[in-house]
Amino acid sequence: MGKYIRYTDEFLARVREDADLVGIIGRDITLKKAGKAFKACCPFHGEKTPSFEVSPERNTYKCYGCPAQGDAIKWMMEFHKLPFQEAVAAVASDSGIAVPESQTDDSAESQMLRKRLASLSKALQDAARLYAGGIERSPAGHQYLTSTRGLAQETITSYQLGTVATGIVELLVKRHDPETLIDCGLAIRAEDGRLFDRFRNRVMIPIYNESAALIGFAGRSLIEKPDRTPKYLNSPETELFHKGNELYALNVAKPAIRSGRHAIVVEGYFDVLTAHQAGDCRVVAPMGTALTNAQARRLFTNADTVTFAFDGDKPGRSAALRASAVVLEEIRDGKTVQFLFLPEGSDPDQLIRTHGLDAWNQALEAAYPLSRFLADYVKHGLDMEVPESQVRAAEKARKILARVREATLYKQALTAQFERTIGMALPA
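Numbering (UniProt numbering), first residue to last: 1 to 428.
Below is the structure:
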């Protein structure tokens, strides 16, 4: 590397916390699941009985037969013989964390930026407390969360759900600059200069990033038949909140996902909350948007298997096709993608509340492999006994395969499956 960088403690803590240690070590040695941990023969000393253990919960490794132990950075230093600077950069890169040119930039501009981001964060935290306190003053909001959505008080408290009626800007402006409230997405300035709340008459859902920093909100309307008001309203894009980069509840779900190497992606906030309340904490959501490449990378960083749950109707299958286009660009060999198609009109929230966690787990067992979904798509509506149809199917297959950039073995296997489905060899 170039010049020496003195990383801050906060940056190093984030790199260590976000590191996919099982994935990093699993690329170097063969790990086998053993309860909540993974075991292997220690690579640092000769042995026949595995005494080397990787803990997804602690995100550390330890050998019980020699002194070897540490975190992801230590692994890169000990196993790959990298200097500390390069080890940090390698682990950060694996997690998608940018390494700035300098972690000790004390310029006036840098200090102003840090101060500005801190002020935005403080405003969001104050808003979250006010929203959470609003539950006690909002019978409609409390009824919606408990009766309509079936959420227990423990869930409401744990996930800091709240409500807002006419707004909280009048209270926040006493402690925060108006421009700060606008810039963090809590307020809107009207043409006449007055300040208005972005969120009104809504159940409020705080959104945290993977590192558990509050970055924004989602609000679900409490007005049953809104005219121009959207049912769900997210914070706008801000310096803290970039919707396409985040997955709702990943900060909570990450330990469960990493423990089983399996992430489940649903469509809605309440799908996530209901699943977590029922005991399945592997569930996250892309916050009302189509899956992005950044979100797919986050999923593959934390999991080896990713299951997407969709409605089984035509829009649900169209959404699955769009998601498949993204995951194909990010998938690596050794990763698995599955699609669960629920009965038309059903969603995970309804399924779990009506039939329980066992029914949800049974549904997950019936999930489609991505390869089968794509093979069905390639031949859909075509007669593989007719050469013209084979050519059309082959063209669809070619476009799909062109998206696979990083998974050589998977691309070969997918090509073979397409050739069996179509009944002809595909051009190289």
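Heads up, the beta-carbon is just placed ideally off N, CA and C, and yes, glycines get one too.
Quick check on this structure: which residue in ALA402, ASP192, ALA359, VAL203 has the alpha carbon closest to the alpha carbon of GLY279?
The residue with the shortest Cα to Cα distance from GLY279 is ALA359.
Quickly, what does DSSP pair ILE188 with across the bridge? List them, please.
For ILE188, DSSP records a beta bridge to PHE196.
Closer than 6 Å by C-beta to ALA407: which residues in its own chain qualify, once you throw out the five before and the five after it? Chain order, please.
Same-chain partners within the cutoff: ILE331, ARG332, ASP333.
Span of the alpha helix (DSSP H), counted from its first residue to its last, around MET77
For MET77, the enclosing alpha helix (DSSP H) begins and ends at 72 to 78.
Rounded to whole angstroms, what is the Cα-Cα separation between MET1 and LYS335?
Only weak support exists for where MET1 lies, its pLDDT of 41 falling under 50; the value from the coordinates is given anyway. Looking at the backbone, the Cα of MET1 and that of LYS335 are separated by about 31 Å.
What are the boundary residues of the alpha helix (DSSP H) that includes THR408?
First-last of the alpha helix (DSSP H) with THR408: 408 to 422.
Span separating the alpha-carbon of LEU414 from that of LEU374
If you take the alpha carbons of LEU414 and LEU374, they lie about 9 Å apart.
Kindly indicate which residue of ALA416, TYR410, ILE422 has the alpha-carbon position closest to the one of GLU395.
Among ALA416, TYR410, ILE422, the Cα nearest to that of GLU395 is on ILE422.
My assumption, with CB atoms under 8 Å, is that ARG297 sits in contact with GLY96. Please give the rounded CB distance.
About 6 Å separates the two Cβ atoms, so the contact holds.
For VAL326, the first and last residue of its enclosing alpha helix (DSSP H)
Per DSSP, VAL326 belongs to the alpha helix (DSSP H) from 314 to 330.
On the criterion of 16 or more Cβ atoms from any shown chain inside 10 Å, does GLY356 qualify as buried, or is it exposed?
Label assigned to GLY356: exposed.
Residues of its chain near SER51, where Cβ-Cβ distance is below 7 Å and the 5 sequence neighbours each way are ignored
Hits under 7 Å: CYS42, CYS63, TYR64, GLY65.
What does a CB cutoff of less than 7 Å around GLN160 pick up in its chain, not counting 5 residues either side in sequence?
Correct list, in chain order: ALA128, ALA132, PRO206.
In whole angstroms, give me the CA-to-CA distance for GLU78 and HIS45.
Rounded to the nearest angstrom, the two C-alpha atoms are 12 Å apart.
Mark PRO286 as exposed unless 16 or more other C-beta atoms lie within 10 angstroms of its C-beta, in which case mark it buried.
Counting C-beta atoms within 10 angstroms of its own C-beta, PRO286 has 16 or more neighbours from the protein chains shown and is therefore classed as buried.
Chain-order list of residues whose beta-carbon lies under 7 Å from that of GLN390 (same chain, five-residue window excluded):
The beta carbon of GLN390 lies closer than 7 Å to those of MET384, ILE422, GLY423, MET424 in the same chain, with the five residues before and after it left out.
When DSSP builds the beta bridges, which residues end up paired with ILE264?
Beta-bridge pairing links ILE264 to VAL283, THR307.
Is ALA140 helix, strand or coil when you go by DSSP?
If DSSP states are grouped into helix, strand and coil, ALA140 belongs with the helices.
Buried versus exposed, by CB contacts within 10 Å (16 or more), ASP71:
Within 10 angstroms of the beta-carbon of ASP71 lie 16 or more other beta-carbons, which makes it buried.
How is GLY2 classed by DSSP in three states: helix, strand or coil?
The predicted model places GLY2 with a pLDDT of 47, which falls under 50 and marks its position as unreliable, so this point remains unresolved.
Outcome for ARG220 when other beta-carbon atoms lying within 10 angstroms are tallied against a minimum of 16
Its Cβ being crowded by 16 or more others within 10 Å, ARG220 is buried.
Member of ALA320, GLY150, ALA87 whose CA lies at the smallest distance from the CA of ILE352:
The option with the nearest alpha carbon to ILE352 is GLY150.
As assigned by DSSP and simplified to three states, the class of LYS81
Three-state DSSP puts LYS81 in coil, outside helix and strand.
How many whole angstroms separate the CB atoms of LEU120 and LEU240, which I take to be in contact at a CB cut-off of 8 Å?
Contact flag correct, Cβ pair sits at about 6 Å.
Can you list, in chain order, the residues of its chain whose CB lies under 7 Å from that of THR155, leaving out five sequence neighbours each side?
Result list for THR155: LEU273, GLN277, in chain order.
8 Å CB neighbourhood of ALA212 in its chain, flanking five on each side removed:
Exclusion of the five residues before and after ALA212 leaves ASN251 as the residues of its chain whose Cβ lies within less than 8 Å of its Cβ.
Just to confirm before moving on: does the CB-CB distance between ALA309 and LEU340 stay below 7 Å?
The answer is yes: Cβ separation under 7 Å.
Endpoints, beta strand (DSSP E) assigned at LEU247:
For LEU247, no beta strand (DSSP E) run applies, since DSSP gives it neither H nor E.
PHE196 burial status per 10 Å Cβ neighbour count (16 or more: buried)
Exposed is the call here.
Using beta-carbon positions only, say whether ALA253 and VAL284 come within less than 7 Å of one another.
The answer is yes: Cβ separation under 7 Å.
Tell me, please, which residues DSSP counts as bridged to TYR232.
Its beta-bridge partners are ARG220.
For the alpha helix (DSSP H) containing PHE241, list its first residue and its last residue.
First-last for PHE241: undefined, no H or E at that position.
PRO387 classed as buried or exposed, judged by whether at least 16 other C-beta atoms fall within 10 angstroms
Exposed is the call here.
Neighbourhood of ALA393 by C-beta, 6 Å cutoff - its chain only, sequence neighbours within 5 removed:
VAL378, LYS379, LEU382, ILE422.
Would you identify the three-state DSSP class for MET112, choosing helix, strand or coil?
DSSP places MET112 in helix when its eight states are reduced to three.
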